[in-house]
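Each protein sequence line maps, in turn, to chains A and B.
Here the numbering used here is used: the first residue of the first sequence is 38, the next is one more, and so on.
Here the numbering used here is used: the first residue of the second sequence is -7, the next is one more, and so on.
In what follows, a structure is listed as C-alpha cells, so that the remarks can point back to it.
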Amino acid sequence: MAMLEVDHVVKRYGSKLSVDHLNLSVGKGEIFGLLGPNGAGKSSTINMIAGLLNMDQGEIWLDGISVKERPLEVKRKIGLVPQDLALYETMTAAENVTFFARLYGLRGKMLKERVQESLEFVGLQDKAKDTPSTFSGGMKRRLNIACAIMHRPDLIIMDEPTVGIDPQSRNHILESVRTLNQMGSTIIYTSHYMEEVAAISHRVAIMDQGHIIACGTESELRERVASEEKIVLTTSGIGPNVVEELKLHPRVRAVEVSDDTLTVTLPSAQQDLQDMLFICSKHEISIQSLKVEEPDLETLFLNLTGRSLRD
Amino acid sequence: MNIWHICIFELRRILRIRSVLLNLFILPLLLIFILGTALSSTMGTAKEAIPDPVRVGIIQTEENSGGAISKALNTFVTSPAVADMMKVQNMSTEEEAVSALRHGDLDFAVIVPSDLEEQIIKGEEARLQWILGKDGTLNVVGETLFTRFTDELNRQVAAAKVLGLDAVAAMPEHSQTNSANSSYIAVSSPGEVGTSYSASQYYAASMLAMFMLYSGLTTSNSLFGERDKKTLTRLQAAPIGNGVIFAGKIAGNSLIAFLQAIIIVLVTHWLYGVNWGTHPGLIVLICVLITLASMTLGVTGALVCKNAASASAALQGIIIAMTFISGGFTPIAVGFVQRISEFTVNHWALQSFLRMMLNAPVSEIMYSIMMLGLVCALMVAAAGLIYRKAGYRYE
C-alpha cells in the first residue's frame, strides 16, 4: 500500500519548468532514496510534498489524504528535516524541540516525554540545556533531526541530512534513519552521496530535469548498466604488445592506457580475470594493484544523461 | 493557541539578545536623561521661561525730548509691568547706541524719529525705528513692547480723527494706563495656560515614541531572521497556517514594544521625575497605537525590502526623519515642516503625550489621539495590501 502518491505534478518558476509531470509512489515502511544533480527538481518535489510549495498541476496524496485539500492534516503526518539547519541558536536544544513539538499539538507530560525521547534518540540528552551555538556541525545536524521526529510522523523527509559532517556523526545519522524506519516511519531520503543512498534505501529514484529517469531497487538499477565491468590494473612497463594481445581477446571491448594504469572493459570481470592476468604475466608485466569496477548509480546516471550526478 | 506559543517563544528569544535589550530599553532611558539634562535650559516651567529684562537704549533728539510723545514714552517705560521687562537708558545719538550694542552694554535700541510728533499731527501712522542686538529673543521682546506703545498712540490718533479731540479728552485715561500696566508677554504653552513641560518630559515623550517605533525594526529583523536562518521552512512545514506564524511573531514583538513603553514610562517617572499626566488609560491607548504603527512599519519593511540590511536602513531613515520633522529632537518652528509633521506618527504621539503632561482637557487630548489613530489606520491599510500581495513565505 502506498504511503505517498505523486500524480502528474508540475511546478514552474516563471517560464522554467522545475518539476515536469512527475509520478512517484512510495510504499508504507519504505526508505526511498531520491538522487539527482542540483536543479533536478528534488527540493521542489520535497517542498510540494511537505506543503511548503504550491503545485501548478497534479496532485499529491499522503496516506490517502490530498495535500491540496487538507494541507494541515498532511503536515501533521510529516516530519521534515531540511537541508539547511533550521534551529534557533539562542535557545537551548530542549527549547528548540519543545517549541516545534508544541506546534504539532503536543502538550503536558507527553510533550516532555517526547522531547526527551527525541533528544535521546539523536544522542543529545546530555546537551539538552546547551544552545546550538556551542554544538559541532554533527550535533547540530542531529538536533535538526530531533526537531522533526518528536511527533512520531508517518513520513519523514530528510533532505541531505549528512551534508558537511564528520564520519562518526554520519554513521550515527544513518543508523538513526534505519531505526526510525524499523519503528514504522516511511522515509524519503535525498543525498549527494550515492553510496549513502544506496546503502540505506530500499528503492532509489534518480531525478533529472524534473523527471524521474530511473526508479527501482539498487540491484534493479545496477542491472540496467550491468553489461560492462572494468578491470583496473596499476602496473609498470606497459608495452604495445600487451595492449594488442588484450584487444585480441574475444570478450574485451576496450583497453585504455593512462600512465601506469591499464583499464580493460569487458562484460564480466569475474569470468575473464584469469585470462587478463595470464596475458600480463606472459609479457612480464608486474602488477602492483588490481581493482574490479562494477557499475554504480553514477554510471547509470552517466549512461542515461551523459552527465555526472555531481554536475 | 499556536499564536500564543509563537508569541511567547518570540518574546523569550528576543529578550535573550543583549543588543536588543540595550537598544530597546537602556538606550532610550540614557538618551532621555542626556537630552533632558543638556537641554533643560531651553525648556522649563512657565516661571523659568520669562526672559531677563531687556537693556534698551532710547535715542531721542533734543527737539522731541520734551514733547508729549516723549512724556507718553517715559510713562510707558516706567510703568511697573514694562519696567519689569526692560531697563532703559536714554541716549542722544545713534552711534552711541550702536557702540553700546556692539560692546554688549545694550540688548536693543529704539530711535524716536525727530518728526514723530509732526507725523502724528498730520494723521500719519506713528512708527519707531529699531536697532537690533545680538539676541533674537530679546529683540522680539523689545519689538513687541514698543510696537504696543505705537499701536496705542495710533489708536488714540484714529479715535481723535473719528470722534473728535473733545471725545478723546473725555475718555478715561485707563486705556493708556492699562496698556502700560498690563503685561504684553504671556508665557503660554499648548494646553493649560500657565503650566509648561520640562525638557525631561518633552524628551521622554518624543524618545518613547521614537524607540517604540524602533521595535518595528526588531520585528523586521525577526521576520527576515526566520527566512535567513531557514527556521521559517520548519515553521511552515508545521500544521499551522501562515497567518498564525505571522500573527504570533507580530504579537510577540508587540508585547516587547509594550513592555518597552511600560519600562520607559515608569523609570522616567521614578528616576527623572517625569509627570505623564493623570490619564494612565490614555497613555496605554497611545502606546497601543504607536505599537500598531511600529509593527506596521516593521512588517512593511520585511515584505517590501529584499534583505534585513536594506529594511533596517530604510526603517531607521524613516523613523529618524519622522522624529526630526515632528520636533522630537528639537522643536522646529518652520511652517511647512510643521505641516508635513502632521502626517507622522511621532507628531500626534508627541502632541498626545504633551497635552496629557499639561493636564489639557480630555477633548483636546482625544483629538491628538484620534489623529494618531487615523495615521495608524492608513499605515495598517497600506501594510495589509502589501501583505496580501507579497505574503510572508520561506522563499
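For glycine and all other residues, C-beta sits at the position ideal for the given N, C-alpha and C.
Original post:
Looking at C-alpha atoms only, which residue of B:E116, B:F100, B:A101 and B:D99 is the closest neighbour of B:D107?
Top reply: Start at 1 with the first residue of the second sequence, and residue 107 of chain B comes out as number 115. B:D107 has its Cα closest to that of B:E116, out of B:E116, B:F100, B:A101 and B:D99.
Original post:
At least one CB of chain A closer than 8 Å to the CB of B:K391: is that the case?
Top reply: Any answer about residue 391 of chain B is impossible in this case: the structure gives chain B only from -7 up to 387.
Original post:
Can a CB atom of chain B be found closer than 8 Å to the CB of A:T272?
Top reply: Position 235 of the first sequence, counting from 1, holds the residue named residue 272 of chain A. No, A:T272 does not count as interfacial toward chain B.
Original post:
Can you give, in chain order, each stretch of the beta strand (DSSP E) that sits fully within the region 32 to 116 of chain B and has at least 3 residues?
Top reply: Counting whole runs of 3 or more residues, the region 32 to 116 of chain B contains the beta strand (DSSP E) stretches 46 to 51, 78 to 83 and 100 to 103.
Original post:
Taking 8 Å as the CB-CB limit, is B:I26 close to chain A?
Top reply: Position 34 of the second sequence, counting from 1, holds the residue named residue 26 of chain B. B:I26 is outside the set of residues whose beta carbon lies under 8 Å from a beta carbon in chain A.
Original post:
Over what stretch of residues does the beta strand (DSSP E) that includes A:M38 continue unbroken?
Top reply: As a working mapping, residue 38 of chain A is identified with position 1 in the first sequence. Counting along the chain, A:M38 sits inside no beta strand (DSSP E), nor does DSSP assign it H or E at all.
Original post:
So is A:H209 buried or exposed if we call it buried at 16+ other beta carbons inside 10 Å?
Top reply: The sequence position of residue 209 of chain A within the first sequence is 172, counting from 1. Taking a 10 Å sphere around the C-beta of A:H209, we find 16 or more other C-beta atoms and assign the residue as buried.
Subject >> Residue of B:G290, B:A150, B:I332 and B:G244 minimising C-alpha distance to B:I6 >> reply: If you number the second sequence from 1, residue 6 of chain B lands on position 14. Measuring C-alpha to C-alpha distances from B:I6 to each of B:G290, B:A150, B:I332 and B:G244 identifies B:G244 as the nearest.
Original post:
Are any of the Cβ atoms in chain B nearer than 8 Å to that of A:G247?
Top reply: Within the first sequence, residue 247 of chain A is the residue found at index 210, counting from 1. The beta-carbon of A:G247 is placed no less than 8 Å from the nearest beta-carbon of chain B.
**OP:** Could you have a look at B:G403 and say whether DSSP puts it in helix, strand or coil?
**Re:** The question about residue 403 of chain B has no answer, for chain B in this structure spans -7 to 387.
Subject >> For A:D57, the nearest candidate out of A:V63, A:R49 and A:G64 (CA to CA) >> reply: Along the first sequence, one-based indexing puts residue 57 of chain A at 20. Nearest neighbour of A:D57 by Cα position, chosen from A:V63, A:R49 and A:G64, turns out to be A:R49.
Original post:
Hey, how far is the Cα of B:I26 from the Cα of B:V133?
Top reply: Counting from one through the second sequence, the residue named residue 26 of chain B turns up at place 34. Counting from one through the second sequence, the residue named residue 133 of chain B turns up at place 141. Straight-line Cα distance between these residues: approximately 30 Å.
**OP:** Could you list which residues in chain A have their beta carbon closer than 8 Å to that of B:N(-6), in chain order?
**Re:** For the purposes of this step, residue -6 of chain B is taken as the residue at position 2 of the second sequence. Simply R139 and L140.
Subject >> Whole-angstrom distance between B:G290 and B:Y195, CA atom to CA atom >> reply: Position 203 of the second sequence, counting from 1, holds the residue named residue 195 of chain B. Position 298 of the second sequence, counting from 1, holds the residue named residue 290 of chain B. Take the alpha-carbon of B:Y195 and the one of B:G290: they are about 23 Å apart.
Original post:
Is the beta carbon of A:L122 within less than 7 Å of some heavy atom of the ligand MN?
Top reply: Because no ligand of any kind appears in the structure shown, any question about the ligand MN cannot be addressed here.
**OP:** Select from A:V269, A:P277, A:L334 and A:V294 the residue whose C-alpha is nearest the C-alpha of A:Q307.
**Re:** Residue mapping note: residue 307 of chain A aligns to position 270 of the first sequence, counting from 1. Nearest option by C-alpha distance: A:V269.
Original post:
Is the beta carbon of A:L303 less than 8 Å from the beta carbon of A:R290?
Top reply: Locating residue 303 of chain A in the first sequence gives position 266, counting from the first residue. Locating residue 290 of chain A in the first sequence gives position 253, counting from the first residue. In contact: A:L303 and A:R290 (Cβ atoms closer than 8 Å).
Original post:
For A:L258 versus A:L334, is the C-beta spacing smaller than 8 Å?
Top reply: By one-based count along the first sequence, residue 258 of chain A stands at place 221. By one-based count along the first sequence, residue 334 of chain A stands at place 297. For A:L258 and A:L334, yes; Cβs fall inside 8 Å.
**OP:** Report the residue from B:T225, B:Q343 and B:F321 whose alpha carbon sits nearest the alpha carbon of B:I275.
**Re:** Reading the second sequence from its first residue, position 283 is the one you call residue 275 of chain B. Of B:T225, B:Q343 and B:F321, the residue nearest in Cα terms is B:Q343.
Subject >> C-beta contact flag for B:L364 and B:M199 at 8 Å >> reply: In the second sequence, residue 364 of chain B corresponds to position 372, counting from 1. In the second sequence, residue 199 of chain B corresponds to position 207, counting from 1. Against a cut-off of 8 Å, the Cβ pair of B:M199 and B:L364 comes out as no contact.
Subject >> Members of the region 74 to 99 of chain A near chain B, C-beta cut-off 9 Å >> reply: Correct list: N84, A87, G88, L89 and L90.
Original post:
Smallest Cα separation from A:T272: which of A:I86, A:D121, A:S326 and A:E110?
Top reply: Counting from 1 along the first sequence, the entry for residue 272 of chain A is found at position 235. When each option's Cα is compared against that of A:T272, the closest is A:S326.
Original post:
Do we get a CB-CB distance below 8 Å when we pair A:Y125 with the residues of chain B?
Top reply: What you label residue 125 of chain A is simply residue 88 of the first sequence in a count that begins at 1. Yes, A:Y125 lies at the interface with chain B (some Cβ there is under 8 Å from its Cβ).
**OP:** Examine the Cβ distances between the region 232 to 245 of chain A and the region 277 to 297 of chain A and report whether three or more of them are shorter than 8 Å.
**Re:** The region 232 to 245 of chain A, when compared against the region 277 to 297 of chain A, does not touch it at the 8 Å Cβ threshold.
Subject >> Chain-ordered neighbours of B:K210 on chain A, where CB pairs are closer than 7 Å >> reply: The sequence position of residue 210 of chain B within the second sequence is 218, counting from 1. Checking the sequence shown, residue 210 of chain B turns out to be Thr, not Lys. Residues of chain A passing the Cβ test: none, with the nearest at roughly 14 Å.
Original post:
Taking Cβ-Cβ distances shorter than 7 Å, what residues in chain A pair up with B:F1?
Top reply: Position 9 of the second sequence, counted from the first residue, corresponds to residue 1 of chain B. Simply F136.
Original post:
Would DSSP call A:M195 helix, strand or coil?
Top reply: Position 158 of the first sequence, counting from 1, holds the residue named residue 195 of chain A. Shown here, A:M195 sits in a strand according to DSSP, grouped into three states.
**OP:** Identify, in the order they occur along the chain, each residue of the same chain with its Cβ nearer than 7 Å to the Cβ of A:K284, setting aside the five sequence neighbours on each side.
**Re:** Position 247 of the first sequence, counting from 1, holds the residue named residue 284 of chain A. Annotation for A:K284: V292 place their beta carbon closer than 7 Å to its own, counting only its chain and skipping 5 residues before and after.
Original post:
When you compare each of B:V154, B:L209 and B:V90 to B:G125 by their alpha carbons, which one comes out closest?
Top reply: Residue mapping note: residue 125 of chain B aligns to position 133 of the second sequence, counting from 1. Considering only alpha carbons, the answer is B:V90.
Subject >> Range of the contiguous beta strand (DSSP E) that encloses A:S295 >> reply: The residue given as residue 295 of chain A occupies position 258 in the first sequence. For A:S295, the enclosing beta strand (DSSP E) begins and ends at A291 to S295.
Original post:
Going along chain A, which residues have a C-beta under 7 Å from B:R5?
Top reply: For the purposes of this step, residue 5 of chain B is taken as residue 13 along the second sequence, with counting starting at 1. Here the neighbours are Y125, T127 and M128.
Subject >> Uninterrupted alpha helix (DSSP H) stretches inside the region 143 to 209 of chain A (no shorter than 4 residues) >> reply: Under the rule that a run must span 4 or more residues, the alpha helix (DSSP H) segments found entirely inside the region 143 to 209 of chain A read 145 to 158 and 174 to 186.
Original post:
Three-state secondary structure (DSSP) at B:W340?
Top reply: Within the second sequence, the letter at position 348 stands for residue 340 of chain B. Three-state result, B:W340: helix.
Original post:
Quick one: what's A:D10 bridged to in DSSP?
Top reply: The structure shown has nothing for residue 10 of chain A, since chain A only spans 38 to 348.
**OP:** Keeping to the same chain, check which residues put their C-beta closer than 8 Å to that of B:D127; ignore five residues upstream and five downstream.
**Re:** Position 135 of the second sequence, counting from 1, holds the residue named residue 127 of chain B. The residues D99, in chain order, have a CB closer than 8 Å to that of B:D127 in the same chain once the five nearest residues on each side in sequence are set aside.
Original post:
Under 8 Å between C-beta atoms, does B:R219 make it to chain A?
Top reply: By one-based count along the second sequence, residue 219 of chain B stands at place 227. At a cut-off of 8 Å between beta-carbon atoms, B:R219 makes no contact with chain A.
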